[in-house]
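Structure record follows, encoded as structure tokens.
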Ligand SMILES: Cc1cc2nc3c(=O)[nH]c(=O)nc-3n(C[C@H](O)[C@H](O)[C@H](O)COP(=O)(O)OP(=O)(O)OC[C@H]3O[C@@H](n4cnc5c(N)ncnc54)[C@H](O)[C@@H]3O)c2cc1C
Ligand code: SF4
């Protein structure tokens, strides 16, 4: 028995793309690196849309760090990109290939279980050579401190570990970022909620219905009048033998409108437009959800404290560029830069400066400029003002606006394809709902098809997931409807009048008066993080290996 | 820290695997043989020892040559480096006594006496729980081996290598279950309880565990090739597999196998199927009246009265 804590030069928390890139980069430079991942397998906890981009301007891309990534870990390359503006049974389709290809070396669809577990094998191999490695089933539950300084991590399953640097790549709802005071989970305005279904489809059917070659794929985006006015949109990406269909909404809008995420997903799935691809068939493999940070508001400009460096979603480095979602690629770049910073600091003989070097690199390599565009910061104040939104909405909606759009057909497509303009698109109903709707109505073609597929209900969706249930990991601090009622609708596996979910509304009578309260059962939880923000909870991840296990992700 | 795990093949009692004849007797020939499930806990205990303290893990069994497959299974599922099968005709039909004699002699023939001997808690077919303790007794009368104090029902193990002490937690089940801490000097004989849980509280242990898992799968697959019916090679050609007969072990046939077994099985009573106490009525969903009756039957329970 030794009472001494173990020590590794670097501890990386989380084996998503950010953690994987960081660990591989460290290990290649001979840094003794230990990676800790809470899932039973890397990827078993992770969800993305997902299109992974390799940007030409990025200093690290997933295939520059991992040889053979595209051949072995991803699905179809995505070469075409469309957005469908839907309104009143009409659709106006815009080709967004220009913005999709802007600064893009390549872009592939991915499924996270396959991708992350492939990465994890490579990472383990590389780290083993340094005396470290990658461990699954281990949840880091806090920071090890000495005289107030961060010197390592504490875990549920193993004794505390000391390290010269701790890279927290533990994703959205990073417990480490929260503990270090680098991120709070208070403001719904800083998050999106993503919900996704993986749908079985024969590869030949995909080729035929989407008009793509067997080794090619396509992305379709959706916005307009189908989402009950909630700000956000839908996506459909082609995988090898499945489709990823999902939605991404601003969490504040979802909460405010008391919308049910699974119903919004169903609204997309059952929309007549989708008949051209689903053709009356629907076999859902997996239902999943997760929060997504909005870098414009959440990206921390100084994502480090002492020996702790935050990478990827944990640092809010998730860029929504109009309809294009770029989180994985930035996590990879940031992971590479954080590793590089530590290696440089080590060479200088002063590992404590790693954080400052990392912060500088994020700026010098242009990452921060993408995550928090200056244009957005400048226009935000004005354009997200409620009055301005109203005026703009009315204007677009007016006869003048409609005539304008007609005249501008073609220019609209160009505007959507401009990274400059997309960088300053305000988060208002005008951009997400009104413009697409008016586009659809004024310029759209009528959709003739009928779509009569029936997606599974929430009970079946929960029933289809794999869980290893342990102790409850979320504690409801305030059960009043005012404080936590929003979770009943916003939780993707709960709903009003549904008894099988996590959150339930209940009426209790006490001393003669009735009160609306909320109760929580974490058993069906998919660990999306929503209730950490919209309800009054003490929110943690389940212990290593416990909780939901995604097979596709 | 060298350890050996004792194991046995038993009929696969999992649902759907077992065949019974009309009288309710087990049909051995039609029921596949697998490694005694409880022995896996013993192997996990040995693996923990290997992970935390190094050394080798051996797996030993007595049985027909076909048991080589059981040993391979043990190797693949948990861990083992060397496999020993004590096997010949003279050893057949042994009771727990004759088995213990044979096994303890097998242990005597190992190159070095192991630091720890692990056994599982009773086999799924005999359910006696005797073999472990009896083997320990046989060892205690052996001239060539040190004493092996026996600790049974072990749920956790901690070894102090410098002091050569093993500290265990035992599950003592009575009216209330208790955990008892028992400590002894090495070498020792440990019977793992089905509740045994290995502990790996250090990252280095888990990394080593992961490495060994990969190593052991490769090794088991290699042995699997020797066992394959299609190959000409004999399992004993494989360097990590050792098959020893009574001559090699210098055992008198009168003291092993059927001849050496004092136990006489007087008879086996099939357990009769419990008569069903309730009557079942089948109601189709579209049978309106029938369904009404169902609801009437259920209503009192729903109301909670
Ligand atoms: C529906 C949806 C669609 C999306 N679409 C896209 C897209 O098309 N393109 C794109 O680029 N991005 C997309 N994203 C965003 C993208 O998924 C994330 O930005 C990306 O996964 C971030 O990577 P990361 O490495 O920072 O974190 P993650 O991939 O979340 O990895 C974090 C890892 O840390 C582990 N972990 C967490 N806490 C602990 C702990 N305490 N101890 C140990 N391990 C821990 C987790 O299990 C996980 O493996 C989408 C997200 C969603 C939800
Ligand atoms: S309980 Fe909270 S974390 Fe779990 S699925 Fe619901 S909203 Fe998400």
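Protein chains in written order, with UniProt numbering: chain A, 1 to 553; chain B, 1 to 305. All C-beta atoms in this analysis are idealised placements derived from N, C-alpha and C, irrespective of residue type, glycine included. It should be emphasised that the depicted structure is a prediction, and the values quoted were computed from it without experimental measurement.
Under the three-state reduction of DSSP, which class applies to residue i: helix, strand or coil?
{"i": "residue 210 of chain A", "result": "helix"}
{"i": "residue 17 of chain B", "result": "coil"}
{"i": "residue 52 of chain A", "result": "strand"}
{"i": "residue 629 of chain A", "result": "One cannot answer for residue 629 of chain A here, as it falls past the ends of chain A, which runs 1 to 553."}
{"i": "residue 363 of chain A", "result": "helix"}
{"i": "residue 349 of chain A", "result": "coil"}
{"i": "residue 202 of chain A", "result": "coil"}
{"i": "residue 12 of chain B", "result": "coil"}
{"i": "residue 262 of chain A", "result": "helix"}
{"i": "residue 493 of chain A", "result": "coil"}
{"i": "residue 35 of chain B", "result": "strand"}
{"i": "residue 238 of chain B", "result": "coil"}
{"i": "residue 412 of chain A", "result": "helix"}
{"i": "residue 139 of chain A", "result": "coil"}
{"i": "residue 222 of chain A", "result": "strand"}
{"i": "residue 118 of chain A", "result": "helix"}
{"i": "residue 394 of chain A", "result": "helix"}
{"i": "residue 198 of chain B", "result": "coil"}
{"i": "residue 8 of chain A", "result": "strand"}
{"i": "residue 230 of chain A", "result": "coil"}
{"i": "residue 112 of chain A", "result": "helix"}
{"i": "residue 45 of chain A", "result": "coil"}
What whole-angstrom Cβ distance do residue i and residue j have, given they're in contact under 8 Å?
{"i": "residue 33 of chain A", "j": "residue 8 of chain A", "result": "7 Å"}
{"i": "residue 488 of chain A", "j": "residue 525 of chain A", "result": "In fact, because the Cβ distance is near 14 Å, the residues do not count as touching under 8 Å."}
{"i": "residue 169 of chain A", "j": "residue 12 of chain A", "result": "6 Å"}
{"i": "residue 533 of chain A", "j": "residue 185 of chain A", "result": "5 Å"}
{"i": "residue 105 of chain A", "j": "residue 71 of chain A", "result": "Rounded, the Cβ-Cβ distance is 15 Å, inconsistent with contact."}
{"i": "residue 244 of chain A", "j": "residue 50 of chain A", "result": "7 Å"}
{"i": "residue 47 of chain A", "j": "residue 290 of chain A", "result": "4 Å"}
{"i": "residue 161 of chain A", "j": "residue 206 of chain B", "result": "No, residue 161 of chain A and residue 206 of chain B are not in contact; Cβ-Cβ is about 11 Å, not under 8 Å."}
{"i": "residue 213 of chain A", "j": "residue 207 of chain A", "result": "7 Å"}
{"i": "residue 167 of chain A", "j": "residue 311 of chain A", "result": "6 Å"}
{"i": "residue 299 of chain A", "j": "residue 315 of chain A", "result": "7 Å"}
{"i": "residue 219 of chain A", "j": "residue 81 of chain A", "result": "5 Å"}
Tell me the rounded alpha-carbon separation between residue i and residue j.
{"i": "residue 121 of chain A", "j": "residue 41 of chain A", "result": "10 Å"}
{"i": "residue 12 of chain B", "j": "residue 1 of chain B", "result": "32 Å"}
{"i": "residue 517 of chain A", "j": "residue 486 of chain A", "result": "11 Å"}
{"i": "residue 473 of chain A", "j": "residue 45 of chain A", "result": "15 Å"}
{"i": "residue 549 of chain A", "j": "residue 38 of chain A", "result": "11 Å"}
{"i": "residue 444 of chain A", "j": "residue 499 of chain A", "result": "41 Å"}
{"i": "residue 178 of chain B", "j": "residue 171 of chain B", "result": "6 Å"}
{"i": "residue 359 of chain A", "j": "residue 223 of chain B", "result": "54 Å"}
{"i": "residue 258 of chain B", "j": "residue 95 of chain B", "result": "7 Å"}
{"i": "residue 2 of chain A", "j": "residue 182 of chain A", "result": "Reliability of the predicted coordinates at residue 2 of chain A is poor, the pLDDT of 46 falling under 50, and the value obtained from them is presented with this limitation in mind. Roughly 34 Å separates the two Cα atoms."}
{"i": "residue 270 of chain A", "j": "residue 232 of chain A", "result": "17 Å"}
{"i": "residue 29 of chain A", "j": "residue 134 of chain A", "result": "17 Å"}
{"i": "residue 10 of chain B", "j": "residue 63 of chain B", "result": "10 Å"}
{"i": "residue 538 of chain A", "j": "residue 475 of chain A", "result": "5 Å"}
{"i": "residue 152 of chain A", "j": "residue 319 of chain A", "result": "30 Å"}
{"i": "residue 433 of chain A", "j": "residue 177 of chain A", "result": "33 Å"}
{"i": "residue 104 of chain B", "j": "residue 231 of chain B", "result": "33 Å"}
Are any of the Cβ atoms in chain E nearer than 8 Å to that of residue i?
{"i": "residue 145 of chain B", "result": "Of the chains in the structure shown, none is chain E; the protein chains are A and B."}
**Report entry** Cβ pair count under 8 Å reaching 3, the segment 77 to 85 of chain A against the segment 297 to 311 of chain A
**Finding:** no
Requested in this report: Flag this pair as touching only if the segment 146 to 153 of chain B and the segment 191 to 209 of chain B have three or more C-beta atom pairs under 8 Å; answer yes or no.
Outcome: yes
Query - Cβ pair count under 8 Å reaching 3, the segment 413 to 422 of chain A against the segment 51 to 62 of chain A - result: no
Query raised in the report: Does the segment 14 to 25 of chain A come close enough to the segment 110 to 119 of chain A to have 3 or more Cβ pairs within less than 8 Å?
Result: yes
Requested in this report: Would you check if the segment 183 to 203 of chain A and the segment 345 to 356 of chain A touch, i.e. whether three or more CB-CB distances between them fall below 8 Å?
Outcome: no
Query raised in the report: Hey, is the segment 216 to 235 of chain A in contact with the segment 256 to 268 of chain A, meaning 3+ C-beta pairs nearer than 8 Å?
Result: yes
Query raised in the report: Is there contact between the segment 52 to 69 of chain B and the segment 534 to 542 of chain A, where contact requires at least three CB pairs shorter than 8 Å?
Result: no
**Report entry** Three-pair Cβ contact test at 8 Å for the segment 272 to 288 of chain A versus the segment 145 to 155 of chain A
**Finding:** no
Requested in this report: Examine the Cβ distances between the segment 80 to 92 of chain B and the segment 231 to 242 of chain B and report whether three or more of them are shorter than 8 Å.
Outcome: yes
Query raised in the report: If we count Cβ pairs, one from each stretch, closer than 8 Å, do we get three or more for the segment 195 to 205 of chain B versus the segment 125 to 140 of chain B?
Result: no
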